[in-house]
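Q: Residue numbers (the working numbering), protein chains in the order written: chain A, 257 to 569; chain B, 803 to 1276. We treat Cβ as the ideally placed atom computed from N, Cα and C, and that holds for glycine. Bear in mind that the values here come from a model prediction, so they are computed numbers and not experimental data.
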């Protein structure tokens, strides 16, 4: 496989995952705005932060309003991580790697992009927002589904999965990074509960409410939430799940290519040293410091993968 | 032009349904036009979804456009096709022999059949290719011969595309779309398949691998990149052949071979199907500014380390001044009279011809000898006075840059319009594969159609569309 193709696959699936995560964040923000009695634009700031687009937003806006925050995350062309920009970048990368994709994956990607582009060609009214976001999630799900259903389990598949999970781990870590202060005081004051709204935000933004209930019932213990999002290996958006999936796919490449580059060791290290303990150890380490550390390690892992597999010259 | 003389491939010149269209006409009469209109839209959606688009140069916002597709097939009988393909094969053999000759002993010039200046003074002649023998002796691995029809038995070659003919992906996708939309048509008509093209292309390219190739040759397609107007086609062909689609940035010369950067290091390529022009192929040997090519690839090529398809320097065969000598060229190399006619051509470099052309400018089509894609061309009968005056100036300034041809009454084929079937002018580009194993012509080719009533310009860059082209089993 060409290094360029591995690069294209990696970014196609990263952007696809980013589009989906951002759509989910907007849904969460909207939900909170609607169920809160007092209007709080503060919540939108933290949502923009979670999406990692706050600085860009501030550069062109004076204040944060719900409408402008949604529009920035949904369709702003100046925002390279908006849903529209992400779908467009995913599709552009898919064009680059057209020969590595099955016909069905390409059509799902291209069709999803065209639907999104049409839906987001002008400002989306509040009433249409849910439908538009639903379409984005369905479109990305269709690409993922056809990827699973039609692609060979070879290096093409591995690079696709690595891109998906790096983006996802990064996204979950950023949600925790922005919200750790919510979890933290209550963790310290044993027995107190997290603010209901905050609790909702965190779980909703990773589509984990159902899963959490299944495991913890009606608990609102912040330790449980932290344990669930960081360490639960059954939860497909937890840090442990994501890093483990990256390691597994890197391991397939090692077996396939008969060569063990540094990136494999790095993924292995993140998993063993940071994601194999229980939540108390993490809290002792310091939740904030832990998340910062993991975010940095994931970023470095991404860079090492680019070098190991010759994404660029 | 005289309307009565126009030959319609469905209705002839006398409104009598022609044989190849008999089955189709039965079917069409039984169809509800509203249903067909819906199908026409469905076809467009299919094309968009598949991404069969082309990029228009210099238009940022209209970045990807569809080539309009018309659902009415163009139908050619097996008998007509046999005759045509014999002519095509003869012409392609001659072009290949001609290219070998002009880069070696230049017998045709010694024999006085074509003027020496036509070769030595030609921009498309590559001195770097003198004395180089490409693997298998093949220069034109992939050729498209543009044909126009003026009567039941009259076909003319409009131009030869020996450099990098494009459009074959449309031939394949047009058929795919028709099969999806009108499966019943294909059970009533025995249409010769085109779907083997990618397999045939792969075999043909592999058969041209350099002698040093170990066992199974590694083939790759070289594209200028995602912003090239034909990127879709490059990706499509690589995908269909199951080979890598590479750009200049993926390639470098390693240990005397051209190699591509893979996730596991550099891997040598045996056959490169390049869709990059000669000039951009190698910054060390040609245009030093090029970022699309591979520095040093020409040195590897000359040493027999890679096959480049089509060979560098083949573009000279597309030159329209050379074209005007094609009947002599065919006869010189095959020893037979040409089976396919040329369109009569005035070479403006010749004073008598220039005088005639200037006198009859409003009746003629004038083309640049190096032009393609319908650019830089004058269609006398439809040109404005200003266009004519401007062209007259250009002709006088650089006569050698132009040739002129009469406006032929091109045949028409019906297209599907709001008011039913309506005749439109068409041309045909059959695709030919050349390898030491033989010449392979896919039955049919790409039919381009001028969608505007009366228009003779079929180029996709200028409002032309395409049709599925059927060759029937007799």
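Looking at the secondary structure, which residues open and close the beta strand (DSSP E) in which residue 814 of chain B lies?
A: Here residue 814 of chain B is taken as the residue at index 12 of the second chain, counted from 1. No beta strand (DSSP E) holds residue 814 of chain B; DSSP gives it neither H nor E.
Q: Residue 982 of chain B versus chain A: which residues are under 8 angstroms apart at the beta carbon?
A: In the second chain, the residue the question calls residue 982 of chain B occupies position 180. Here the premise fails: no neighbours, minimum Cβ distance about 13 angstroms.
Q: Among A/412, A/538, A/481 and A/513, which residue has its Cα nearest to the Cα of residue 357 of chain A?
A: For the purposes of this step, residue 357 of chain A is taken as residue 101 along the first chain, with counting starting at 1. When only C-alpha atoms are compared, the closest one is A/412.
Q: Closest to residue 1004 of chain B by CA distance: which of B/988, B/946 and B/1022 is it?
A: For the purposes of this step, residue 1004 of chain B is taken as the residue at position 202 of the second chain. For residue 1004 of chain B, the nearest C-alpha among the options comes from B/1022.
Q: Over the uninterrupted alpha helix (DSSP H) stretch that includes residue 946 of chain B, give me the two end residues.
A: Within the second chain, residue 946 of chain B is the residue found at index 144, counting from 1. Not the alpha helix (DSSP H): residue 946 of chain B falls in the beta strand (DSSP E), residues 944-953.
Q: Express the C-alpha separation of residue 1166 of chain B and residue 1159 of chain B in angstroms, rounding to a whole number.
A: Taking the second chain and counting its residues from 1, one reaches residue 1159 of chain B at position 357. Taking the second chain and counting its residues from 1, one reaches residue 1166 of chain B at position 364. Straight-line Cα distance between these residues: approximately 7 angstroms.
Q: Thinking C-beta only, is residue 339 of chain A closer than 8 angstroms to residue 351 of chain A?
A: Walking along the first chain from the start, residue 351 of chain A turns up at place 95. Walking along the first chain from the start, residue 339 of chain A turns up at place 83. The answer is no: Cβ separation not under 8 angstroms.
Q: Rounded to whole angstroms, how far is the Cβ of residue 943 of chain B from the Cβ of residue 1111 of chain B, which I believe are closer than 8 angstroms?
A: Within the second chain, residue 943 of chain B is the residue found at index 141, counting from 1. Within the second chain, residue 1111 of chain B is the residue found at index 309, counting from 1. Confirmed, about 4 angstroms.
Q: Does the pairing of the stretch 300-312 of chain A with the stretch 424-440 of chain A give three or more beta-carbon distances under 8 angstroms?
A: Enough Cβ pairs lie closer than 8 angstroms, so yes.
Q: Does the CB of residue 278 of chain A have a neighbour CB from chain B at under 8 angstroms?
A: Along the first chain, read from residue 1 onward, the residue named residue 278 of chain A stands at position 22. No, no contact with chain B.
Q: Below 8 angstroms between beta carbons: does that hold for residue 1268 of chain B and residue 972 of chain B?
A: Here residue 1268 of chain B is taken as the residue at index 466 of the second chain, counted from 1. Here residue 972 of chain B is taken as the residue at index 170 of the second chain, counted from 1. Yes; because the gap between Cβ atoms is below 8 angstroms, this pair is in contact.
Q: Step through the CB atoms of chain A and report whether any lies within less than 8 angstroms of the CB of residue 1004 of chain B.
A: In the second chain, the residue the question calls residue 1004 of chain B occupies position 202. No, residue 1004 of chain B does not count as interfacial toward chain A.
Q: Only counting the same chain, and skipping five residues up and downstream in sequence, which positions put a Cβ closer than 7 angstroms to that of residue 1203 of chain B?
A: Along the second chain, read from residue 1 onward, the residue named residue 1203 of chain B stands at position 401. For residue 1203 of chain B, where only same-chain residues beyond five positions count, the Cβ hits under 7 angstroms are 1170 and 1171.
Q: So what's residue 1249 of chain B in DSSP terms, helix, strand or just coil?
A: Residue 1249 of chain B sits at position 447 when you count from the first residue of the second chain. It is a strand residue.
Q: Taking the beta strand (DSSP E) that residue 1028 of chain B falls in, what are its first and last residues?
A: Stepping through the second chain from its first residue, residue 1028 of chain B is reached at position 226. Unbroken run through residue 1028 of chain B: none, as it is neither H nor E.
Q: Considering only the beta carbon of each residue, do residue 1196 of chain B and residue 961 of chain B sit closer than 8 angstroms?
A: On the second chain, position 394 is the one that residue 1196 of chain B refers to. On the second chain, position 159 is the one that residue 961 of chain B refers to. It is not a contact, given that the beta carbons lie outside the stated cut-off.
Q: Whose Cβ in chain E lies nearer than 9 angstroms to the Cβ of residue 367 of chain A?
A: This model lacks chain E altogether; the protein chains it does include are A and B.
Q: Taking 8 angstroms as the cut-off, does the stretch 1235-1245 of chain B touch the stretch 1255-1269 of chain B (at least 3 CB pairs, one atom from each stretch)?
A: As far as the Cβ criterion goes, the stretch 1255-1269 of chain B does not touch the stretch 1235-1245 of chain B, which means the pair count is below three.
Q: Among residues of its own chain, excluding the 5 on either side of residue 1239 of chain B, which ones have a beta-carbon nearer than 6 angstroms to its beta-carbon?
A: Here residue 1239 of chain B is taken as the residue at index 437 of the second chain, counted from 1. So the qualifying residues of the chain are 1009.
Q: Say whether chain B places a C-beta atom closer than 8 angstroms to the C-beta of residue 305 of chain A.
A: For the purposes of this step, residue 305 of chain A is identified with residue 49 of the first chain, where counting begins at 1. It does not; no Cβ of chain B falls within 8 angstroms.
Q: Quick check on DSSP: helix, strand or coil for residue 807 of chain B?
A: As a working note, residue 807 of chain B is residue 5 in the second chain. Helix.
Q: State the start and end residues of the unbroken beta strand (DSSP E) segment that holds residue 1230 of chain B.
A: As a position in the second chain, residue 1230 of chain B is number 428, starting the count at 1. That run of the beta strand (DSSP E) goes 1222-1231.
Q: Please classify residue 1030 of chain B as buried or exposed, where buried requires at least 16 other C-beta atoms within 10 Å of its C-beta.
A: As a first step, residue 1030 of chain B is located in the second chain; it is residue number 228 there, counting from the start. That one is buried.
Q: Can residue 964 of chain B and residue 1109 of chain B be called in contact, C-beta distance under 8 angstroms?
A: Along the second chain, one-based indexing puts residue 964 of chain B at 162. Along the second chain, one-based indexing puts residue 1109 of chain B at 307. No, these two residues do not count as a Cβ contact at 8 angstroms.
Q: So which residues on chain A does residue 1076 of chain B lean against when the C-beta distance must stay under 8 angstroms?
A: Here residue 1076 of chain B refers to the residue found at position 274 when the second chain is read from its first residue. Near residue 1076 of chain B there are no residues of chain A at all, since even the closest Cβ is about 16 angstroms away, more than 8 angstroms.
Q: Would you kindly work out how many angstroms separate the C-alpha atoms of residue 862 of chain B and residue 1025 of chain B, rounded to a whole number?
A: To locate residue 862 of chain B, count along the second chain from 1; it is residue 60. To locate residue 1025 of chain B, count along the second chain from 1; it is residue 223. Below a pLDDT of 50, predicted positions are generally treated as unreliable, and residue 862 of chain B, at 47, falls in that range; the measurement from the model is reported next regardless. If I take the Cα positions, the gap works out to 20 angstroms.
Q: Using a beta-carbon distance below 8 angstroms, is residue 1021 of chain B in contact with chain A?
A: Indexing the second chain from 1 puts residue 1021 of chain B at position 219. For residue 1021 of chain B, the answer is no, since every Cβ of chain A falls outside 8 angstroms of its Cβ.
Q: Measure the C-alpha to C-alpha separation of residue 1256 of chain B and residue 824 of chain B and round it to an integer number of angstroms.
A: Indexing the second chain from 1 puts residue 1256 of chain B at position 454. Indexing the second chain from 1 puts residue 824 of chain B at position 22. Between residue 1256 of chain B and residue 824 of chain B, the C-alpha separation is close to 25 angstroms.
Q: Quick one: using the 10 Å Cβ neighbour count with 16 as the cut-off for buried, is residue 359 of chain A buried or exposed?
A: Walking along the first chain from the start, residue 359 of chain A turns up at place 103. So residue 359 of chain A counts as exposed.
Q: Alpha carbon to alpha carbon, how far is residue 285 of chain A from residue 522 of chain A?
A: For this step, residue 285 of chain A is matched to residue 29 along the first chain. For this step, residue 522 of chain A is matched to residue 266 along the first chain. Approximately 35 angstroms between the Cα atoms of the pair.
Q: Within the 8 angstroms Cβ cut-off, does residue 259 of chain A reach chain B?
A: Counted from its first residue, the first chain places residue 259 of chain A at position 3. Chain B contact via Cβ: present.
Q: Using a C-beta cutoff of 8 angstroms, does residue 262 of chain A count as contacting chain B?
A: Within the first chain, numbered from 1, the residue matching residue 262 of chain A stands at position 6. Yes, its Cβ sits closer than 8 angstroms to a Cβ of chain B.
Q: Can you name the start and end residues of the alpha helix (DSSP H) that residue 481 of chain A belongs to?
A: Taking the first chain and counting its residues from 1, one reaches residue 481 of chain A at position 225. 478-487 is the span of the alpha helix (DSSP H), which, as asked, contains residue 481 of chain A.
Q: Identify every run of the alpha helix (DSSP H) within the stretch 1041-1098 of chain B, keeping only runs that are complete inside it and at least 4 residues long; order them along the chain.
A: Those alpha helix (DSSP H) runs which fall completely within the stretch 1041-1098 of chain B and span 4+ residues are 1080-1083.
Q: So what's residue 906 of chain B in DSSP terms, helix, strand or just coil?
A: Residue mapping note: residue 906 of chain B aligns to position 104 of the second chain, counting from 1. Coil, per DSSP.
Q: I'd like the ranges of any beta strand (DSSP E) spanning at least 3 consecutive residues and lying wholly in the stretch 1123-1165 of chain B.
A: DSSP runs (the beta strand (DSSP E)) wholly in the stretch 1123-1165 of chain B: none.
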